[in-house]
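Reviewing the structure listed below.
Residue numbers (the working numbering), protein chains in the order written: chain V, 1 to 331; chain F, 332 to 662.
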């Protein structure tokens, strides 16, 4: 039995290209005791994966050349020689970009299609939702009536973070890169929106919208957009570093205005995190997110691309603003 | 009765000059009921005062032109019409740069010369020691065997922060700008020292000294020294922004490498603070500091300049590395 996988063919220099990936057909061995055979249904593409394509020390080890890319996947159990799984079970976990996968089941969780669409387990009920929840709540600590700014607000994490901030009673301003995206943000309840591609002076726009200053900044993008927000932070502001998508493809260390004087004079906090830091508290996060989804207090958007072969292109699309909400590939 | 005061004559552009200050003789009114007449003994000059000379929003309002500079002062009560103070009492508090001062006593604290030299109340038993204590302990949260780097380590706050880190069981590396200063740091117990003025590659020096990364960075200086430290931070590092003396005299927003990608990939925290944030916990800090001073576990160094008229020059000297430990003017 053979299957198709996608390996890292070369480490991208700057923006990744489809030629940095290679499709390979591999043989799958017969199913051993304790193993399960999975068929991939939904594959998550996420900005953080760009970092793993570089050969540098980071929170997770780099992808290996000529080995399959790995990410969050929703898959169906086709065959099982494990006592923990039966044929037809749906699972999610960290798996290779491969059409059929043999797994020992470690780290996989069974999921329930009755609660939410299966793809949601890669998004709002997965790492995406948890990143929004823990970043905002644990680092941002938003209080009612505080002003929260979200960059990359129409992205997978941003749109959830903004809505959770609204649920905390905050005034929420979203920054995104098209009128279609800012329109969506208004529809899900953001108080104010900024299209950074058409506004002449984003720093001034934020100053005008936030005369009392920005209390919490949920940053997904970095770069000049962040410079504009940081220039408007309030005393005791909290800046959550969730992503820096504008910088992921930089081949040199980018320069910008030094932040420390602003953080110092405002007694402000800036903190990076990865969702894995909160692993012991995932049940708390999932419980809140599931409840909000059931109550329709959280609206979730997906951009679904069809076809396993589209995985590299969908991933690259993340850096071109090609997605609204969570980008997912349905096999 | 007349006395001499020092007013802000003009807002400095870049490095302050003695011509930004002006000496004035003023008349003191007769002592009213509830007031005390003070004679200044010791005057504190501190880097943070540079920020108050600019007309910008910060944690404390700017100094006013043609009004006396204000700072921490130790003074003796010459005459009292207040029930709370008697002639001969020694007090400390926030007072104008003036030889004789009339005060209503609000915010002044009586101090005890039997516990420590009077000047210590402007340093290790004053805002300086409290800044080192709360910055390190509350933001840095050092754990035994962690690696702590202190910049401006021979400065008033730095030398205390480094010693407190040693008392927490950390390995402590101090960065300073002369061999005399690094020698002093060794004498007070720093494990390793770097003279940034003579070392060819500070980033590499830190990498060599800290193969496991830097866990806590107590930053008093900012700029390129901080770039070198931040390039070596560990996962879950804490960066305490206590001062940015290398940038205080900048007339434009200085540029530097963007920090967010590093903070993000290391799940690191950077936080600015002023000692006033911890006002409700001052007794806790003073208690620890006093105890350590009594037990001679904390060594404190001062650079004492003599003569009230030397206040402007002593203040300017802070930015030229003219002090080791706390810079104080004795009237």
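Quick reminder that beta carbons are idealized off the backbone N, C-alpha and C, glycines included.
Residues sharing a beta bridge with residue i, DSSP
i	result
residue 341 of chain F	Looking at the DSSP assignment, residue 341 of chain F forms no beta bridge with any residue, so it has no partner.
residue 217 of chain V	V:149, V:239
residue 101 of chain V	V:38
residue 404 of chain F	F:374, F:424
residue 410 of chain F	F:368
residue 657 of chain F	F:633
residue 354 of chain F	F:337
residue 396 of chain V	A question about residue 396 of chain V goes unanswered here, because the residues of chain V that appear run from 1 up to 331.
Limits of the unbroken alpha helix (DSSP H) element including residue i
i	result
residue 41 of chain V	Residue 41 of chain V -> not in any alpha helix (DSSP H); beta strand (DSSP E) instead, spanning 36-44.
residue 283 of chain V	282-294
residue 578 of chain F	Looking at the DSSP string, residue 578 of chain F is not in any alpha helix (DSSP H), and its letter there is neither H nor E.
residue 559 of chain F	554-561
residue 490 of chain F	487-498
Residue burial classification, residue i (beta-carbon count within 10 angstroms, cutoff 16)
i	result
residue 25 of chain V	exposed
residue 115 of chain V	exposed
residue 112 of chain V	exposed
residue 146 of chain V	buried
residue 162 of chain V	buried
residue 349 of chain F	exposed
residue 91 of chain V	buried
residue 595 of chain F	buried
residue 396 of chain F	exposed
residue 83 of chain V	exposed
residue 81 of chain V	exposed
residue 512 of chain F	buried
residue 657 of chain F	buried
residue 377 of chain F	buried
residue 53 of chain V	buried
residue 44 of chain V	buried
residue 583 of chain F	exposed
residue 502 of chain F	buried
residue 7 of chain V	buried
residue 89 of chain V	buried
residue 488 of chain F	buried
residue 56 of chain V	exposed
residue 260 of chain V	buried
Span of the beta strand (DSSP E) around residue i
i	result
residue 460 of chain F	Counting along the chain, residue 460 of chain F falls outside any beta strand (DSSP E), though it belongs to the alpha helix (DSSP H) covering 458-465.
residue 502 of chain F	502-507
Presumed contact (8 Å Cβ cut-off) between residue i and residue j, rounded CB distance
i	j	result
residue 660 of chain F	residue 639 of chain F	7 Å
residue 233 of chain V	residue 219 of chain V	With 8 Å as the limit, residue 233 of chain V and residue 219 of chain V do not qualify as a contact, their Cβ atoms being about 11 Å apart.
residue 560 of chain F	residue 545 of chain F	6 Å
residue 339 of chain V	residue 293 of chain V	Summary: the structure shown does not reach residue 339 of chain V, with chain V confined to residues 1 through 331, and so no result is reported for it.
residue 183 of chain V	residue 600 of chain F	Residue 183 of chain V to residue 600 of chain F, Cβ: 36 Å. No contact.
residue 485 of chain F	residue 655 of chain F	5 Å
residue 177 of chain V	residue 197 of chain V	5 Å
residue 307 of chain F	residue 373 of chain F	Because chain F in this structure spans residues 332 to 662, residue 307 of chain F falls outside the shown range and cannot be described.
residue 576 of chain F	residue 547 of chain F	Not quite, the Cβ-Cβ distance comes to about 19 Å (not below 8 Å), so this is no contact.
Where residue i sits in the DSSP three-state scheme
i	result
residue 361 of chain F	coil
residue 303 of chain V	strand
residue 651 of chain F	helix
residue 107 of chain V	coil
residue 600 of chain F	strand
residue 206 of chain V	helix
residue 234 of chain V	strand
residue 65 of chain V	strand
residue 530 of chain F	coil
residue 387 of chain F	coil
residue 663 of chain F	Residue numbering for chain F in the displayed model covers 332 to 662; residue 663 of chain F lies beyond these limits and cannot be assessed.
residue 262 of chain V	helix
residue 586 of chain F	strand
residue 124 of chain V	coil
residue 517 of chain F	helix
residue 310 of chain V	helix
residue 610 of chain F	helix
residue 84 of chain V	coil
residue 470 of chain F	helix
residue 346 of chain F	coil
residue 443 of chain F	coil
residue 1 of chain V	coil
residue 382 of chain F	helix
residue 512 of chain F	helix
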